[in-house]
Amino acid sequence: MPYGEVRHHSPESAKLVQRVRAQKHISSKGITRLIAPLLLQVSRKHGIINFGTNSAFHQDSVPHGLPGFEMEGSWRTKLPTPKPTFTFGYSSDAFTSHELELQRGIIANSRNEPCDLDKLSQPVPDVFWPFLVLESHEGSMAAARNACADSAAACNNAPMVFAAAVQQPAKRYHDLDFLWGLSKAAQSFSLAINGKTACLNTHNSEGCLPHGMATIRTYRLDDERDVEAMAARIRSILIWAENCRLQSILDLLQGFDKRVELAKDSVMVTQEVYVPPQLEMRSQPSRKRRGVIRNVIVDSLPRWAREF
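Each residue of the sequence shown is one higher than the one before, counting from 1 in my numbering.
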């Protein structure tokens with residue numbers, strides 16, 4: 001869990017507060033435009049972090065209501081397609097060429113349906129495995145937080161679906177290290193904004209529900225100390241994503257790589273062991289001829305030499 005709010009004064013924070021104070025009412029688009037420079041400043045030093053704006057998530061990353069349980073149909077419908085104002089994840093620089101290659105292909109999701117791994121790992125163009133979303137809503141803070149819950153559920157669902165492909169099929173996993181790593185990968189954060197107030201939230205995987213949500217802190221965007229504290233918290237989330245969550249994603253990729261290599265090896269072994277009947281029948285006469293020749297030679301030897 002990222003923590004710490006070591007505030008640093010920045011021109012972007014001061015400008016944001018000044019402009020928010022100057023407006024009696026502020027729209028969703030207006031606050032998005034004002035907060036963008038601050039987010040750019042916070043993420044500038046994190047080279048492997050990338051973000052997208054106003055991009056809808058691909059459907060392969062969106063979870064169903066309650067997968068794995070026999071519930072009413074309304075519970076099993078998919079969540080609304082997320083379209084966060086900002087989506088933070090990893091850039092392609094965070095992965096090697098081989099790791100990027102592993103993130104392409106088709107796997108099965110929790111409903112045993114085909115799932116495009118490329119769309120799962122990269123639900124937003126050029127943003128891999130997102131972990132932080134920002135949603136701005138003019139209606140109410142509850143509406144903004146609900147939108148954050150939908151987006152973060154998709155963020156957490158992606159590594160959970162991928163982890164199922166890493167596991168041995170039809171086998172329950174009891175590796176505590178694996179489960180601990182998955183719990184770090186299936187964690188995300190969100191910033192819900194309504195008017196001049198921002199609410200930072202954490203989202204964790206709790207059993208089959210990929211959207212357990214809790215509030216970390218609420219910030220006033222017209223208060224410079226609050227804005228600096230919010231920027232510090234976002235910065236700590238980016239550091240956590242680089243040094244903690246990314247390793248959990250890489251561990252999943254390593255496990256998936258082993259499964260792929262194991263599948264290749266099993267196919268090669270099967271091909272080596274299998275001998276077509278036609279070839280087997282053709283090879284039998286040669287073995288018989290060798291046996292006949294050997295018997296002829298042995299019979300031609302003296303009796304005392306046949307024993308050798």
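Positions of the beta carbon are idealized from the N, C-alpha and C atoms, including for glycine.
Asked: Look at the Cβ atom of Phe331, then the Cβ atom of Asn201, and state whether they are nearer than 9 Å.; Found: A question about residue 331 goes unanswered here, because the residues of the chain that appear run from 1 up to 308.
Asked: How would you write the range of the beta strand (DSSP E) that Gly30 sits in, first residue to last?; Found: Gly30 -> not in any beta strand (DSSP E); alpha helix (DSSP H) instead, spanning Ser28 to Ser43.
Asked: Look at the alpha carbon of Ile216 and the alpha carbon of Glu261, and state the distance between them as a whole number of angstroms.; Found: 42 Å
Asked: If we count the other Cβ atoms within 10 Å of its Cβ and call it buried at 16 or more, is His8 buried or exposed?; Found: exposed
Asked: On the premise that Phe57 lies in contact with Ala154, defined as a C-beta separation below 8 Å, what is that separation, rounded to the nearest angstrom?; Found: 5 Å
Asked: So Leu253 and Glu99 are supposed to be a Cβ contact under 8 Å. How far apart are they, rounded?; Found: 5 Å
Asked: Considering only the beta carbon of each residue, do Phe162 and Val133 sit closer than 9 Å?; Found: no
Asked: What are the boundary residues of the alpha helix (DSSP H) that includes Ala158?; Found: Met141 to Val166
Asked: Give the range of the beta strand (DSSP E) segment to which Val133 is assigned.; Found: Phe128 to Ser136
Asked: Would you mind reading off the limits of the alpha helix (DSSP H) that contains Ser13?; Found: Pro11 to Arg21
Asked: Can you give the beta carbon distance from Ala231 to Ser13, rounded, assuming they're within the 8 Å contact cut?; Found: 6 Å
Asked: Just to confirm the assignment, what range does the alpha helix (DSSP H) spanning Ser121 have?; Found: Leu117 to Ser121
Asked: From Leu39 to Ala144, what distance separates their C-alpha atoms?; Found: 18 Å
Asked: Residues in its own chain within less than 6 Å of Ala192 by CB, not counting five upstream and five downstream?; Found: Glu135, Ala144, Arg145, Cys148 and Cys199
Asked: Where Asp251 and Arg111 are concerned, what is the direct C-alpha to C-alpha distance, given to the nearest angstrom?; Found: 24 Å
Asked: If we ignore side chains and look at the alpha-carbon of each, how far apart do Cys244 and Phe189 end up?; Found: 14 Å
Asked: For Asn88, which beta-bridge partners are listed by DSSP?; Found: First, the amino acid is wrong: residue 88 is Phe here, not Asn. Beta-bridge pairing links Phe88 to Phe51 and Leu132.
Asked: Do you know whose CA, among Asp116, Thr81 and Asn109, lies nearest Ser55's CA?; Found: Thr81
Asked: May I have the straight-line CA-CA distance separating Asn157 from Ala36, to the nearest angstrom?; Found: 27 Å
Asked: Compare the Cα-Cα distances from Glu242 to each of Asp118, Val42, Tyr90 and Pro63 and report the closest residue.; Found: Tyr90
Asked: Nearest CA to the CA of Thr53: which residue from Asp126, Ala94 and Gln187?; Found: Asp126
Asked: Which complete alpha helix (DSSP H) runs does the stretch 209-249 hold, if anything under 4 residues is left out?; Found: 224-240
Asked: Tell me which residue opens and which closes the beta strand (DSSP E) that Ser188 is part of.; Found: Gln187 to Asn194
Asked: For a test of the three-state rule: what should DSSP assign to His64, helix, strand or coil?; Found: strand
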